[in-house]
Amino acid sequence: MKTIYKKLLFLLLLLPFSLLAQNAVTGTVVEKATGQPIPGANVNIQGAANGVSTDFDGKYKLSNINKGDKIVFSFIGFRNIVLTYDGQATLNASLEEDANELKEVVIQVGYGSVKKKDATGSVAILGAKDFNKGSVTSADQMIQGKVAGLQITNGGGSPGEGATIRIRSGSSLNAQNDPLYVIDGVPVAAGGVSGSRNPLATINQNNIESITVLKDASATAIYGSRASNGVIIITTKKGKKGDMKVNYNATFQVSEITKTVDALSSNQFRDLVNSKGNASQIALMGDADTDWQKEIFRTALGTDHNIAMSGGTDIISYRASVGYANINGILIRDNMERSTVSASLVGDFFDKHLKVQVNSNTSIINSNYSNRGAIGSAVRFDPTQSIKNADGTYFQWYTNSGNAINTLAGKNPVSLIEQQNNYGTSFRSIGNIQFDYKLHFLPELKAVANFGYDEMSGRSWGNTAADYLNGLKGSGFNNSYLNTSKRNNKLMDLYFNYNKLVESISTQFDVTGGYSYQDFRDDNDGYSINFGNNQEKTPNVRVPSRVNLQSFFARANFTIADKYILTASLRRDGTSRFTEENRWANFPAFAVAWKINDENFLKDVEVVSTLKLRGGWGITGQQDIGVSYPSIPLYRGSNPQAQYQFGNAYYQTFRPQPYNSNLKWEQTTTLNAGIDFGFFNNRISGTVDAYQRDTKDLLLYTQNPPFFGFSNFDNYNVGAIRNRGIEISANVIPLKTDNLEWSIGGNITFQNSEITKLASDSPNSPGYNVGGYEGPTGNFIQNHQVGYAPSSFYVYEQAYGADGKPLDGVYVDRNNDGVINEQDKYRFHKPAADVFYGFNTSVVYKNWDLAATFRGSWGNYNYNNVDSNNGTLAAVFIRNTDLSNSVGNVLETGFTTNDVKRYESDYYIQDASFLRLDNVSIGYTFNQKPDSNTLVKLSLGAQNVFILTDYTGIDPEISGGIDNNLYPRPLTFTLGLNVNF
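Residue 258 in the working numbering sits at position 250 of the sequence shown; the count goes up by one each step and never skips.
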């Protein structure tokens with residue numbers, strides 16, 4: 009008995025020492041990509057049974073821990089990390105999404121969702137960690153260069169600038185080639201309203217949770233109409249269960265122009281005029297030294313702020329945000345001011361049988377549209393003239409009499425900006441309410457009702473100052489205008505979904521069927537006032553319009569043994585654009601997938617993480633040709649200036665509108681084959697896709713035969729086009745330790761487009777001319793023809809001398825008939841790239857992160873319209889009453905001719921391949937203090953850092969391939985602050 013007492017006494021004496029040896033540690037677990045706390049994360053001592061979970065703020069407290077213990081931090085969908093406890097009081101952890109868990113990512117597709125591992129179509133999904141950082145104001149800028157097969161070219165460097173977005177090239181020649189955008193379940197109309205900027209800038213980028221890109225027909229055919237060019241699904245952020253969290257984002261940016269057009273300097277211009285001009289022209293020169301491009305561009309500042317609050321209970325979760333951006337453009341007076349409000353509610357009722365989602369995103373954008381005509385004027389205006397005269401008026405060219413403005417001469421660039429006002433304001437609200445009800449008596453069956461809207465309204469207005477062009481005759485001073493427009497889009501989707509696993513046959517059934525109704529209404533109005541003509545007011549002709557789309561759709565997914573997947577869909581679409589005989593069309597699709605890595609012969613091969621083969625076929629449709637009533641005979645009323653006088657009264661006249669009652673759906677058939685792969689626990693992963701798209705019954709706006717129809721041009725179903733391509737994307741993590749991770753990602757797309765059929769397949773047919781340029785009116789530089797890429801450049805072949813210089817006015821007689829005429833033109837290169845690519849890299853070391861994104865293309869060409877329009881002496885010495893500047897190219901060529909042949913010479917078709925460092929950023933996340941809910945991250949970034957190219961213009965990235973006075977893309981530095989509390 010004494011022995012037992014002694015042992016108990018010994019243990020009692022050791023107890024205080026053991027308590028001293030075991031400690032407690034606290035900390036916070038956050039998501040590395042966003043810095044957001046992770047509630048419910050597991051924190052365990054390696055090899056021990058004790059562990060805890062983080063609270064709503066991502067905080068934890070772990071007791072009974074000894075120095076040297078390994079602590080494991082884990083959460084579903086994230087990589088586990090193991091940190092060593094060295095006696096510190098605080099130990100924070102940052103978890104990164106597990107590439108191996110990406111197969112479980114849920115992808116939003118048409119009228120439902122699917123796990124990425126079960127997807128049969130060509131689909132890409134991007135989240136917060138994938139988005140471009142820095143000076144970003146719209147959804148398209150967030151994913152530029154990130155997705156194989158997706159090419160985004162913004163229209164220039166103005167804040168909120170629109171973009172040309174193409175998925176797998178364009179499937180049409182004249183119809184809408186933009187993808188279909190679906191925002192929180194609402195398919196929205198392409199384009200904006202009067203006074204608006206980029207329609208995608210109306211969604212605050214800080215509110216976007218994910219962007220899904222559907223590329224092939226098996227993925228898009230469920231949307232039928234408007235899905236020929238792919239689908240981009242934008243999902244905004246939602247609240248999560250837990251205490252209220254507040255997030256604040258702020259950026260401050262500085263933008264600088266880095267390259268301008270090589271207009272002649274004042275000294276070069278004087279030398280040119282003195283050597284080539286006559287006495288009258290020499291006498292016109294001034295004494296100033298004015299760099300007009302320097303005068304119209306500036307260092308631009310901008311700020312963007314967003315604050316969001318989110319939280320929820322077991323029944324309802326919420327999120328609300330308010331944003332404000334005020335961004336100046338580098339062109340003086342150019343400004344965009346955006347205010348946004350968003351809200352979302354998600355409720356689960358009746359034991360989670362009824363789910364209700366409410367979303368609303370509203371924005372108001374006020375714009376000061378600086379006169380972009382000043383960009384071209386700054387290149388051409390005489391650099392020897394001062395900005396203002398001695399009396400304070402702006403320098404302008406006058407007629408010989410001196411009492412009227414020379415309307416043929418160029419205008420003072422600074423005057424064009426300072427004395428012309430162009431404003432715009434636009435309102436947009438996109439929202440929906442969706443009910444998902446799982447039947448109590450049959451929970452596998454779900455009924456869904458989605459009601460959405462997209463309301464837009466806008467107005468643009470402006471005027472010229474009273475002293476514009478010094479208020480002289482012919483100046484247009486005090487003129488004004490006002491345009492208003494409204495667009496209303498209403499949506500109703502009603503469908504059932506049945507989802508059940510039949511274990512006896514190891515098959516998952518997922519079947520959807522329903523009806524969709526969408527109604528678009530547009531209304532435009534406005535007027536203009538000519539002050540110099542007795543203040544005559546000219547109203548616009550108001551033409552309200554309406555387009556109605558109705559559809560029946562069905563889709564079935566069968567997953568057998570979790571290895572073999574079959575998908576089939578059918579959509580029947582009707583559009584009010586076509587007559588009753590051609591109104592409806594069917595769009596089927598079929599796809600299969602095989603998850604090879606789940607087969608027994610690969611299941612235990614640790615090297616292979618993912619291996620899936622995919623194949624798909626489908627048909628999608630197109631009916632959006634920009635007009636609402638292309639196949640119905642209508643009359644249009646005249647405005648008051650086109651009335652007919654009968655006696656002493658004036659009567660409004662009506663004219664017939666062109667129409668084609670035989671118009672029908674343009675249809676695109678797509679074949680797609682792909683493979684998804686992942687090796688070494690998905691540290692190497694990627695996708696390869698090959699596709700072919702054939703579009704028939706092309707909707708083409710082309711010339712009518714002589715004496716036919718009510719217009720020179722009309723819409724027809726003419727021809728076919730074929731697009732082929734290979735897309736490769738990959739991600740590699742070459743280095744990964746507890747404190748350091750280096751990742752590399754990239755994508756490359758090989759593409760080819762060819763017109764396979766037009767009205768005439770004859771090789772001698774002139775085809776269809778497109779691509780107007782600045783210069784002689786009514787002329788074109790591009791052409792559609794069978795056997796060539798769309799919009800191929802159609803030009804004369806320039807002749808060169810023995811010294812390698814182009815010969816002025818001399819071209820190759822390609823048909824050897826002794827005459828240089830239209831028959832000698834040929835198709836020479838194209839604006840679309842053969843290859844475009846993007847790659848990125850990021851390094852994370854402890855609290856530091858560094859990232860860079862590159863983009864480029866190869867095989868694309870531009871028509872340098874800046875040089876063709878200004879690079880001749882004839883453009884300088886036009887008259888004896890005024891002078892115009894030229895560009896450096898004129899000193900190289902010495903061109904004096906100014907005819908159409910020179911404009912359309914292949915000399916001006918230039919290789920526009922490029923490599924651009926698009927974004928580079930560095931950030932630091934501060935360690936969280938004990939007992940604090942606040943996380944702080946600072947970042948510094950640069951956008952449009954440099955570009956490598958042989959193109960001689962200011963920027964090779966030109967949508968459509970015709971370079972004419974592009975608004976320069978600036979170098980932008982951004983300072984960012986992200987606070988969570």
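Even glycine gets a Cβ: it sits at the ideal position worked out from N, Cα and C.
- Runs of the alpha helix (DSSP H) lying entirely within the region 273 to 327 and spanning at least 4 residues, in chain order: 274 to 284, 287 to 291, 300 to 304.
- In this structure, Asn893 is the residue among Thr942, Val944, Ala593, Asn893 with its C-alpha nearest to the C-alpha of glutamine 301.
- Per DSSP, the unbroken beta strand (DSSP E) holding threonine 980 starts and ends at 979 to 988.
- Classified as buried, phenylalanine 595 has 16 or more neighbouring CB atoms from the shown chains inside 10 Å of its CB.
- Counted as a single uninterrupted DSSP element, the alpha helix (DSSP H) harbouring tyrosine 911 occupies residues 908 to 911.
- Using a C-beta cut-off of 8 Å, the region 695 to 704 makes no contact with the region 654 to 670, since fewer than three inter-stretch Cβ pairs fall below that distance.
- Boundaries of the alpha helix (DSSP H) around valine 874: 873 to 878.
- The beta carbon of alanine 209 lies closer than 6 Å to those of Thr145, Ser146, Gly168 in the same chain, with the five residues before and after it left out.
- Relative to the Cα of serine 61, the nearest Cα in the group Gly43, Gly76, Val38, Lys75 belongs to Val38.
- If you ignore the 5 residues before and after glycine 867, its C-beta comes within less than 7 Å of the C-beta of Ala841, Asp842, Val843, Ser921, all in its own chain and listed in chain order.
- Contact check for isoleucine 441 against asparagine 486 fails: the beta carbons are separated by 9 Å or more.
- Across the structure, glycine 826 and serine 799 are spaced so that their CA atoms are roughly 28 Å apart.
- The region 484 to 524 contains no complete alpha helix (DSSP H) run of 4 or more residues.
- Along the region 422 to 490, the beta strand (DSSP E) occurs as fully enclosed runs of 3 or more residues at 428 to 446, 453 to 472, listed in sequence order.
- Per DSSP, reduced to three states, the secondary structure at phenylalanine 685 is strand.
- Residue pairing by DSSP places histidine 792 opposite Tyr776 in a beta bridge.
- In its chain, beyond the 5 residues on either side, Arg924, Leu925 have a beta carbon closer than 8 Å to the beta carbon of phenylalanine 954.
- Cβ neighbours of asparagine 31 within its own chain (closer than 6 Å, five residues either side excluded): Ile73.
- Cβ neighbours of valine 818 within its own chain (closer than 7 Å, five residues either side excluded): Ala807.
- Here arginine 730 carries a strand assignment [DSSP, helix/strand/coil].
- Across the set Pro814, Tyr915, Met317, Val803, the C-alpha of Val803 shows the shortest separation from the C-alpha of asparagine 829.
- In the three-state scheme derived from DSSP, where H, G and I count as helix and E and B as strand, leucine 416 is classed as coil.
- Shown here, valine 366 sits in a strand according to DSSP, grouped into three states.
- Contact annotation, glutamine 675 with threonine 703: C-beta distance approximately 7 Å; criterion of less than 8 Å satisfied.
- Going by beta carbons, asparagine 848 and isoleucine 752 fall inside the 9 Å limit.
- When DSSP assignments are scanned along the region 156 to 231, the uninterrupted stretches of beta strand (DSSP E) that are 3 or more residues long and fall wholly within it turn out to be 158 to 162, 171 to 175, 188 to 191, 194 to 196, 216 to 222.
- For asparagine 608, the enclosing alpha helix (DSSP H) begins and ends at 608 to 611.
- Counting along the chain, valine 387 sits inside the alpha helix (DSSP H) bounded by residues 381 to 388.
- A straight-line Cα-Cα distance of about 50 Å links isoleucine 323 and proline 638.
- A straight-line Cα-Cα distance of about 56 Å links isoleucine 340 and threonine 92.
- Spanning the alpha carbons of serine 329 and alanine 351 requires a straight line of approximately 7 Å.
- In this model, asparagine 408 and valine 884 are separated by some 18 Å (Cα to Cα).
- For aspartate 126, the closest of Leu881, Ala601, Val928 by C-alpha to C-alpha distance is Ala601.
- Excluding five sequence positions before and after threonine 980, the CB atoms of its chain that fall closer than 6 Å to its own CB belong to Ser143, Gln261, Ser263, Gln951, given in chain order.
- Inter-residue distance for glutamate 762 and asparagine 100 is about 56 Å (C-alpha atoms, whole angstroms).
- Taking each of Asn429, Gly626, Asp722, Leu292 in turn and checking the Cα distance to glycine 238, the smallest one comes out for Gly626.
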